[in-house]
Structures are given as C-alpha cells and as structure tokens.
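>
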Amino acid sequence: QRAGYATGHFGKWHLNGLRGPGVPILKDDTHGPGKVGFDVWLSVTNFFERDPLLSRMGKFEEHQGDSSEVVVDEALKFIGEQVQA
Numbered sequence: 002q003r004a005g006y007a008t009g010h011f012g013k014w015h016l017n018g019l020r021g022p023g024v025p026i027l028k029d030d031t032h033g034p035g036k037v038g039f040d041v042w043l044s045v046t047n048f049f050e051r052d053p054l055l056s057r058m059g060k061f062e063e064h065q066g067d068s069s070e071v072v073v074d075e076a077l078k079f080i081g082e083q084v085q086a
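Under the working numbering, residues 2 to 86 are what the sequence shown spells out, in order.
#1: Check this for me: beta carbons of ALA86 and LEU43, under 9 Å apart or not?
#2: Please classify ILE80 as buried or exposed, where buried requires at least 16 neighbouring CB atoms within 10 angstroms.
#3: Which complete beta strand (DSSP E) runs does the stretch 16-65 hold, if anything under 3 residues is left out?
#4: Just the C-alpha distance for ASP40 and ALA7, rounded to the nearest angstrom, thanks.
#5: Following the continuous beta strand (DSSP E) through GLY81, name the residue where it begins and the one where it ends.
Encoded structure:
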C-alpha cells in the first residue's frame, strides 16, 4: 500500500471467524481481512456454494449464482476499478 497498491481479498478467509465457519465476516472481527490491512474485501469464513451470503467490508450481501463465479466476478471488478484509478 505504501507503494501505491490497492489491496483486496475475495473469497474464503480461513484465518479467523468470530461467528464460526461458513458465515460472513463481521467488521469488528479482530483477525478479519480489514484488520490485517486489506483495503477492500468480500469474504466468508469457510465453505459456500450457491447463492452465497458474503461480507463486503463487514456489510452482509446476498449474491446469486455459483460462489466461485461470484467471487471471481467481484475480484475482476475490483481490478478493473484500480486500472481506471
């Protein structure tokens, strides 16, 4: 980040989870992506499949479709936004 990079995490976050596996990550999770330095994150603590409930920087969002496709699409949007910045 000090070199001008934007950082993002998209997908499963296996480092902690205040609410247990397979749930969105709370904003105040002390070991969540936001607390370890990611600028943007769309994550869940563990396994998810179809129509995932994910956490975008602590705000829960319902998504439609295969979770892998949802995460990749969102990551590509983030990358595209950074190219334009």
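Heads up, the beta-carbon is just placed ideally off N, CA and C, and yes, glycines get one too.
Bear in mind that the values here come from a model prediction, so they are computed numbers and not experimental data.
The structure says:
#1: no
#2: exposed
#3: 41-45, 54-57 and 60-63
#4: 6 Å
#5: Not the beta strand (DSSP E): GLY81 falls in the alpha helix (DSSP H), residues 68-85.
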